[in-house]
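Comments concern the structure below.
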Amino acid sequence: RVQQFKDIVSNAFADKGSHYKFMKHDIKIFFGDLNFRIDLSYESVLSTINSMTDSNYEDQLHAMLSYDQLNTNRVECSWMGCFKEMPIHFLPTYKYD
Numbered sequence: 010r011v012q013q014f015k016d017i018v019s020n021a022f023a024d025k026g027s028h029y030k031f032m033k034h035d036i037k038i039f040f041g042d043l044n045f046r047i048d049l050s051y052e053s054v055l056s057t058i059n060s061m062t063d064s065n066y067e068d069q070l071h072a073m074l075s076y077d078q079l080n081t082n083r084v085e086c087s088w089m090g091c092f093k094e095m096p097i098h099f100l101p102t103y104k105y106d
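Take a look at the structure:
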């Protein structure tokens, strides 16, 4: 998934000439679903979701999102750190069995 992201960023505006470089712009907006995952087992995520209540929803969601691959890669990869994501207030979308 990270390689897909790198490929998209490095090839953005590739057909426009060398002076159009995506990362050189002051403002970059990246839309897409690259299917980053939560690095927890299916059972763990499902258990967390099933145990959520109105009173613990935000805490449980925040704990689960600390395992979000996009967020952990943004911390680990200096070039991804320039991208920001709005806070997530909804459960992960999964294709349940």
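For our numbering, count along the sequence shown from 1 and bump the result up by 9.
Just so you know, even glycine gets a beta-carbon here, dropped at the ideal spot from N, CA and C.
| Check | Outcome |
| --- | --- |
| I'd like to know whether the C-beta atoms of Phe-45 and Asp-16 end up nearer to each other than 8 Å. | no |
| If we ignore side chains and look at the alpha-carbon of each, how far apart do Ile-47 and Leu-74 end up? | 7 Å |
| Within the chosen definition, does the region 93 to 101 reach the region 30 to 43 through at least 3 CB pairs nearer than 8 Å? | no |
| May I have the straight-line CA-CA distance separating Gln-13 from Ser-19, to the nearest angstrom? | 10 Å |
| Pull up the CB-CB distance for Asn-82 and Val-11, whole angstroms please, since I reckon it's below 8 Å. | 6 Å |
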